[in-house]
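Q:
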Amino acid sequence: MHYETLLTETRDRVATITINRPEARNALNARVQSELKSALDEFRREEEIGVVVFTGAGEKSFAAGADITEFRQRKALDVLAANMQQVYDEIEGFEKPTIAAVNGYALGGGCELAMACDIRLASENARFGLPETSLSIIPGAGGTQRLARLVGKGRAIEMILTGRMISAEEAHSFGLVSRVLPQGELMEAAWETAKTILSKGPLATRLAKLAIQTGFETDQRTGLVIEKLAQAVLFDTEDKDEGAAAFLEKRKPNFKGR
Ligand code: CO8
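Residue numbers for the sequence shown, in my numbering: 8 to 265.
1) Quick one: using the 10 Å Cβ neighbour count with 16 as the cut-off for buried, is R153 buried or exposed?
2) Would DSSP call L13 helix, strand or coil?
3) Is R32 near ligand 2, going by C-beta to nearest heavy atom under 8 Å?
4) Quick one: measure Cβ to Cβ for G111 and G72, integer angstroms, because I've assumed they're closer than 8 Å.
5) Tell me whether S174 sits in a helix, a strand or coil according to DSSP, three-state version.
6) Would you check if the region 145–163 and the region 15–27 touch, i.e. whether three or more CB-CB distances between them fall below 8 Å?
7) Would you identify the three-state DSSP class for L35, choosing helix, strand or coil?
8) Is G191 helix, strand or coil by DSSP?
9) List, from N- to C-terminal side, the beta strand (DSSP E) runs of 3 residues or more that fit wholly inside the region 69–117.
10) Please name the residue or residues paired with V60 in a DSSP beta bridge.
11) Should P189 go down as buried or exposed, given a rule of 16 or more other Cβ atoms within 10 Å for buried?
12) Are the beta-carbon atoms of V109 and L193 separated by less than 9 Å?
13) G147 and Q92 look like a contact to me (Cβ under 8 Å); what is the Cβ gap, rounded to whole Å?
14) With 16 other CB atoms within 10 Å as the buried threshold, where does R52 fall?
15) Just to confirm before moving on: does the CB-CB distance between A121 and A175 stay below 9 Å?
16) DSSP state of S185, grouped into three classes?
17) Which residues bound the alpha helix (DSSP H) around R228?
18) Is it buried or exposed for M8, if we count other Cβ within 10 angstroms and need 16 for buried?
19) State yes or no: is the C-beta of R38 nearer than 8 Å to some heavy atom of ligand 1?
20) Per DSSP, which one or two residues make a beta bridge with R127?
21) Using a threshold of 8 Å, is the CB atom of Q92 nearer than that to any non-hydrogen atom of ligand 1?
22) Should T203 be labelled buried (16 or more other beta-carbon atoms within 10 Å of its own) or exposed?
23) Among G182, P104 and T17, which residue has its Cα nearest to the Cα of L214?
24) Does DSSP put R51 in a helix, in a strand, or in coil?
25) Pairs of beta-carbons, one from the region 134–141 and one from the region 85–100, closer than 8 Å: are there three or more?
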């Protein structure tokens, strides 16, 4: 499919979505948001695609947040109807693993997009922040919830109330990103990470993500029940037998997703 504000590319079962508005630091206008939703629908249907990577065009910005030029005409009912929070929920619950390759500013809705992904890798020049209170609004696409869950309540409150931007290194020390890389190595690292995930049992990957995410939103006892049920499902699959056989026969497994 062709998109006006996104570039998409697939290499070896890894799809990359590049937000392509570098002149506006990849600000997420309504068009980007609806195209992100369409791209997710497309990649959900494409069986061949196993992992989705998000990044931004250019060397300065991943995404500088919602497009502020669209704010003036927006009122309460527009925000109630807005789909940014919904699109990010879809990314978080996406059936296939997602990676944010944060190549510069990840601010506001850009930081919220990265936080909705399963894995965050950052280039050394990446900067993270939720500066919405400077505009007298709050992070409204999951930021007040996901940041606290990722970095802890105290750090989240400090970042949101001050709007402070943090460096890639600080984001790493907070646990907001898993790795920091030189900019030239970021996309390859994202691709390598995706390839590693793709070498695992696809049903196990999917159920592990589901168990972690659902378990995180509930009490441990319920989470353990979800884990047990997911494991029981996996023990009835051909891929589980193939995984064990391949290990014992000292060869690579050939998983079929069933
Ligand atoms: N929206 C619109 N345009 C933007 C945005 C943005 N978020 N960010 C940058 N731009 C534009 C600038 O206006 C500028 O345009 P022009 O060339 O026409 O003047 C161009 O991009 C380049 O920007 P700068 O000259 O400022 O570039 P710098 O490299 O000096 O700085 C920064 C880059 C630090 C990213 C800076 O542009 C900046 O601070 N941007 C705003 C960041 C921000 O406040 N983001 C939060 C937005 S609010 C939000 O995301 C809420 C999400 C939830 C909403 C849910 C509602 C339903």
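Just so it is clear, CB atoms sit at the ideal spot from N, CA and C, and this is done for glycine as well.
A: Looking at the atomic coordinates:
1) As a working mapping, residue 153 is identified with position 146 in the sequence shown. Buried, because 16 or more other Cβ atoms sit within 10 Å of the Cβ of R153.
2) Here residue 13 refers to the residue found at position 6 of the sequence shown. Strand.
3) By its list of ligands, the structure shown excludes ligand 2, since it contains just ligand 1.
4) Working through the sequence shown from its first residue, we reach residue 111 at position 104. Working through the sequence shown from its first residue, we reach residue 72 at position 65. Their Cβ separation, rounded to whole angstroms, is 12 Å, which puts G111 and G72 out of contact at 8 Å.
5) Here residue 174 is taken as the residue at index 167 of the sequence shown, counted from 1. Correct three-state label for S174: strand.
6) no
7) Sequence index remark: in the sequence shown, residue 35 carries index 28 (1-based). The answer is strand: DSSP assigns L35 an E or B state.
8) To locate residue 191, count along the sequence shown from 1; it is residue 184. Of the three classes helix, strand and coil, the one that applies to G191 here is helix, per DSSP.
9) 105–109 and 112–114
10) Sequence index remark: in the sequence shown, residue 60 carries index 53 (1-based). In DSSP, V60 forms a bridge with T23 and I106.
11) Position 182 of the sequence shown, counted from the start, is the residue given in the question as residue 189. Exposed, because fewer than 16 other Cβ atoms sit within 10 Å of the Cβ of P189.
12) Here residue 109 refers to the residue found at position 102 of the sequence shown. Here residue 193 refers to the residue found at position 186 of the sequence shown. Yes.
13) Within the sequence shown, residue 147 is the residue found at index 140, counting from 1. Within the sequence shown, residue 92 is the residue found at index 85, counting from 1. That pair is a contact at about 7 Å.
14) As a first step, residue 52 must be located in the sequence shown, where it is residue number 45. Exposed, by the Cβ-count rule.
15) On the sequence shown, residue 121 is found 114 positions in, with the first residue counted as 1. On the sequence shown, residue 175 is found 168 positions in, with the first residue counted as 1. No, they are not a contact pair.
16) One-based indexing of the sequence shown puts residue 185 at position 178. S185 falls in the coil class under three-state DSSP.
17) Counting from 1 along the sequence shown, the entry for residue 228 is found at position 221. Taken as a continuous stretch (DSSP letters only), the alpha helix (DSSP H) holding R228 covers Q227 to L241.
18) Within the sequence shown, the letter at position 1 stands for residue 8. M8 comes out exposed.
19) Taking the sequence shown and counting its residues from 1, one reaches residue 38 at position 31. Incorrect: R38 has no Cβ contact closer than 8 Å to ligand 1.
20) To locate residue 127, count along the sequence shown from 1; it is residue 120. R127 is bridged to A107.
21) Counted from its first residue, the sequence shown places residue 92 at position 85. Q92 Cβ: within cutoff of ligand 1.
22) Against the sequence shown, residue 203 aligns to sequence position 196. Burial call: exposed.
23) Position 207 of the sequence shown, counted from the first residue, corresponds to residue 214. The residue with the shortest Cα to Cα distance from L214 is P104.
24) Position 44 of the sequence shown holds residue 51. Note: R51 maps to helix in three-state DSSP.
25) no
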